[in-house]
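Protein chains in written order, with numbering that gives the first Met the number 0: chain A, 0 to 167; chain B, 0 to 175.
C-beta atoms are modelled at their ideal positions from N, C-alpha and C, and glycine is treated no differently.
As the structure is a computational prediction, the values presented were derived from the model and not from experiment.
Read the structure below first, then the notes.
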Amino acid sequence: MNNWKMLTLVGEDRPGIVAKVTEALYRNGWNLGEASMIRLGANFSIMMMVTGEGDAEQILAPVASELKLHLHVDKITGGLHQHRVPNIQVRVLGADRAGIVAQVAGALLNVGFNILELESDVAGSSDKPVYIMNIEGYTDAALEQVENAVSTLGDIDVAVSPIETLIG
Amino acid sequence: MALLEILKVPDERLKQASDPVEVFDDALRSFIDDLEETRLAGPGAVGIAAPQVGRFQRIVIVDVSNTRKPVPNHGYMVLVNPEITHWEGYEMGREGCLSVPDYTGNVIRATHLEVKAQDPRGKILEFKMEGFEARALQHEMDHLEGMLFVDRVVSRRTDLFRRKVYLKGRKAIGSA
Numbered sequence: 000m001n002n003w004k005m006l007t008l009v010g011e012d013r014p015g016i017v018a019k020v021t022e023a024l025y026r027n028g029w030n031l032g033e034a035s036m037i038r039l040g041a042n043f044s045i046m047m048m049v050t051g052e053g054d055a056e057q058i059l060a061p062v063a064s065e066l067k068l069h070l071h072v073d074k075i076t077g078g079l080h081q082h083r084v085p086n087i088q089v090r091v092l093g094a095d096r097a098g099i100v101a102q103v104a105g106a107l108l109n110v111g112f113n114i115l116e117l118e119s120d121v122a123g124s125s126d127k128p129v130y131i132m133n134i135e136g137y138t139d140a141a142l143e144q145v146e147n148a149v150s151t152l153g154d155i156d157v158a159v160s161p162i163e164t165l166i167g
Numbered sequence: 000m001a002l003l004e005i006l007k008v009p010d011e012r013l014k015q016a017s018d019p020v021e022v023f024d025d026a027l028r029s030f031i032d033d034l035e036e037t038r039l040a041g042p043g044a045v046g047i048a049a050p051q052v053g054r055f056q057r058i059v060i061v062d063v064s065n066t067r068k069p070v071p072n073h074g075y076m077v078l079v080n081p082e083i084t085h086w087e088g089y090e091m092g093r094e095g096c097l098s099v100p101d102y103t104g105n106v107i108r109a110t111h112l113e114v115k116a117q118d119p120r121g122k123i124l125e126f127k128m129e130g131f132e133a134r135a136l137q138h139e140m141d142h143l144e145g146m147l148f149v150d151r152v153v154s155r156r157t158d159l160f161r162r163k164v165y166l167k168g169r170k171a172i173g174s175a
């Protein structure tokens, strides 16, 4: 039986968010699955698969209120062991401007590229921001097709490389 | 020939260091055949090390001749008592392991190796290898020290951003 829920928590970053949230779940008999937790800007964000009995929102209400976190719980389908191994990596670097992600993602979609993971950051300085993005995903299209798809994006560097996962 | 059982995390035995092979006999060669059969039975493994099947001796098999895109390789290699005598360069690559099912992660490895080893009859072998094959050997040799790739996984956030100049209609040219 699949009883997983996706829990989203967002709030101003401070020490103790992970410890207090997971402690509350643990004390109430909940288990954690896959999770992604990261500081974005001055915020801390948690996306986490959880499973257990009862009402997760109720369990986490006190700690969410104490830490001023926005909490959201969704019932989800699909549990653990659903990993897909990426076969292509796309690295993007350019002076920051509007539309970089939309253009790169749109070009990738045209060759049937499924984004499995995307991380982006704004580096540089406030007056000269630089956009850096790293995408991993899967497509049946040939590497050259992916390269061609992103080759028209002019002012940004887009490097496409195969990911050959070593199993040993 | 027989399929051997692969030890899987969190089996403590995977942390055990292996001893050098001193006797090069038929029993050794028969074990190596079983080890290769076990590798081939797994999900596309390009290498396997003796301690992965609970035999704590310095024996590894590497064969990267069957990748999706061909890479420089020496074909099927059995390396007994392997030693890296020289290494150069580094790059990030994605790895998984027969002993760590359903998990992959990025690991930094040397890109160029010079290796000394013995064959299953004790004869001295020397290889120069690079790229994916060099990565596979480092992964397997880690097993001989009781190390797993999960002990070396780096955060994807700290990815080495390889600067590349994108040339229209040509292959990207990399520079470190």
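Opposing strand residues paired with residue i [DSSP bridges]
i	result
His-69/A	Val-9/A
Gly-95/B	Ile-166/A
Ile-123/B	Gln-117/B
Trp-29/A	Its beta-bridge partners do not exist; DSSP assigns none.
Gln-56/B	Asp-18/B
Thr-50/A	Trp-3/A, Asn-30/A
Asp-156/A	Leu-92/A
Counted within 10 angstroms of its Cβ, other Cβ atoms place residue i as buried (16 or more) or exposed
i	result
Gly-153/A	exposed
Gln-57/A	exposed
Leu-39/B	exposed
Pro-50/B	buried
Gly-167/A	buried
Gly-173/B	A caution first: Gly-173/B carries a pLDDT of 41, below 50, which makes its placement in the model unreliable, though a value can still be read off. Exposed.
Ile-37/A	exposed
Asp-25/B	exposed
Leu-112/B	buried
Asn-72/B	buried
Gln-117/B	buried
Arg-13/A	exposed
Residues that residue i contacts on chain B, provided the C-beta gap is smaller than 9 angstroms
i	result
Pro-14/A	Those within 9 angstroms of Pro-14/A in chain B number zero; the least Cβ separation is about 19 angstroms.
Residues that residue i contacts on chain A, provided the C-beta gap is smaller than 8 angstroms
i	result
Ala-44/B	Ile-166, Gly-167
Listed by chain order, chain B residues near residue i by CB distance under 8 angstroms
i	result
Glu-163/A	Thr-66, Arg-67, Lys-68, Val-70, Gly-92, Arg-93, Phe-131
Contacts of residue i in chain A (Cβ-Cβ under 7 angstroms)
i	result
Glu-139/B	Gly-167
Ala-26/B	Chain A residues near Ala-26/B: none, gap ~24 angstroms exceeds 7 angstroms.
Ala-135/B	Leu-165, Gly-167
Chain A contact residues for residue i, given Cβ-Cβ distances below 9 angstroms
i	result
Val-101/B	The sequence shown places Asp at residue 101/B, rather than the Val named in the question. Going along chain A in sequence order, the residues near Asp-101/B (Cβ under 9 angstroms) are Leu-79, His-80, His-82.
Ile-47/B	Gly-167
Leu-97/B	Ile-166, Gly-167
Short of 7 angstroms Cβ to Cβ, which residues in the stretch 128–148 of chain A face chain B?
The stretch 128–148 of chain A vs chain B, Cβ under 7 angstroms: Ile-131, Asn-133.
Start-end ranges of the alpha helix (DSSP H) lying completely within the stretch 53–112 of chain A, minimum 4 residues:
Within the stretch 53–112 of chain A, the complete alpha helix (DSSP H) runs of at least 4 residues are 55–66, 99–108.
Pull out every residue of the stretch 73–86 of chain A whose Cβ sits closer than 7 angstroms to any Cβ of chain E, in chain order.
Within the model displayed, chain E is absent; protein chains A and B are what it includes.
Could you tell me which whole beta strand (DSSP E) segments of length 3 or greater appear in the stretch 111–139 of chain A?
With a minimum length of 3 residues, the continuous beta strand (DSSP E) runs that stay inside the stretch 111–139 of chain A are 113–123, 128–137.
What runs of the alpha helix (DSSP H), each 4 residues or longer, lie entirely inside the stretch 12–45 of chain B?
Secondary structure within the stretch 12–45 of chain B: the alpha helix (DSSP H) runs of 4 or more consecutive residues, fully enclosed, are 25–40 (chain order).
Counting only runs that start and end within the stretch 122–154 of chain B, where is the beta strand (DSSP E) found for 3 or more residues in a row?
If only uninterrupted beta strand (DSSP E) runs of at least 3 residues are considered, those enclosed by the stretch 122–154 of chain B are 123–129.
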